[in-house]
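In this note's numbering, the protein residues as written are 46 to 269. Ideal Cβ placement from N, Cα and C applies to all residues, glycine included. Just so we're clear, the structure is a prediction, and the values are computed from it rather than from any experiment. Notes to accompany the following structure.
Right under this line is the structure:
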């Protein structure tokens with residue numbers, strides 16, 4: 046029997062069961078991406094959701110073999126309700142194309158489902174989620190993985206790597222490497238594309254290195 050999620054205090058992580066994904070879905074009362082969207086829209090388990098315009102869950106091929114996970118939605122994602130549509134998303138799309146990974150064969154999402162920001166005048170400036178906020182959102186990410194059932198995942202940045210692997214992962218020391226999850230899936234660790242946007246010198250070289258990381262994930266689509 047599917048049951049609805051229990052009320053929990055803000056910042057208290059809901060239990061997850063990566064080794065038994067159906068259990069996490071059952072605990073959250075999730076049966077589809079549509080119910081996941083509705084549940085995250087109402088989520089107030091951390092303070093971020095109260096101030097965001099809406100939740101932003103993943104999009105793409107709902108049965109993709111490759112799932113890419115970033116940190117959180119940005120300003121435009123929050124306003125429009127779609128992941129990776131801002132500058133970082135455009136760079137990611139260019140990198141996927143360069144790596145030979147068709148976008149229609151991927152599913153892209155974020156570890157945190159709401160946009161965290163601080164106001165500077167009228168501008169909303171991205172602010173990284175805390176570990177506690179990311180932990181509170183982890184069960185939604187595990188729901189998403191359970192629904193899509195990807196063969197492998199790509200962690201774009203430190204927040205995504207921590208959420209997918211359930212431990213701190215030094216990105217620069219592990220980039221380009223496959224690391225195992227508890228459920229047996231492999232996670233490819235690399236930078237978040239927004240990190241490339243902040244580079245002022247050597248951006249093309251950094252982009253090429255990012256593409257080289259992603260090219261390893263192409264083998265997932267080839268069934269290797």
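Local conformation of residue 143 per DSSP, three classes: Along the chain shown, read from residue 1 onward, the residue named residue 143 stands at position 98. Three-state DSSP puts residue 143 in a helix.
CA-CA distance, residue 76 and residue 107? Indexing the chain shown from 1 puts residue 76 at position 31. Indexing the chain shown from 1 puts residue 107 at position 62. Distance between the alpha carbons of residue 76 and residue 107 is about 13 Å.
Count Cβ pairs between the stretch 133 to 143 and the stretch 163 to 171 that sit closer than 8 Å; are there 3 or more? Taking one beta carbon from each stretch, the stretch 133 to 143 and the stretch 163 to 171 have fewer than 3 pairs nearer than 8 Å; the two do not touch.
Assess contact between the stretch 88 to 107 and the stretch 213 to 232, defined as three or more Cβ pairs (one per stretch) separated by less than 8 Å. Is contact present? The stretch 88 to 107, when compared against the stretch 213 to 232, does not touch it at the 8 Å Cβ threshold.
Restricting to Cα atoms, I'd like to know which of 143, 244, 242 and 211 is closest to residue 64. In the chain shown, residue 64 corresponds to position 19, counting from 1. Scanning 143, 244, 242 and 211 for the CA closest to the CA of residue 64 turns up 211.
By the three-class DSSP mapping on this structure, what secondary structure does residue 114 have? Residue mapping note: residue 114 aligns to position 69 of the chain shown, counting from 1. Here residue 114 sits in strand by DSSP.
Could you tell me the boundaries of the alpha helix (DSSP H) in which residue 178 lies? Numbered from 1 along the chain shown, position 133 holds the residue referred to as residue 178. Looking at the DSSP string, the run of the alpha helix (DSSP H) that includes residue 178 is 176 to 193.
Is the beta carbon of residue 214 closer than 9 Å to that of residue 206? Within the chain shown, residue 206 is the residue found at index 161, counting from 1. Within the chain shown, residue 214 is the residue found at index 169, counting from 1. A contact, by the Cβ cut-off of 9 Å.
Below 8 Å on the Cβ atoms is my contact criterion, and I expect residue 154 with residue 112 to pass it. Report the Cβ-Cβ distance as a whole number of Å. Translated into the one-based positions of the chain shown, residue 154 becomes position 109. Translated into the one-based positions of the chain shown, residue 112 becomes position 67. Yes, they are in contact, since the Cβ atoms of residue 154 and residue 112 sit about 7 Å apart, within 8 Å.
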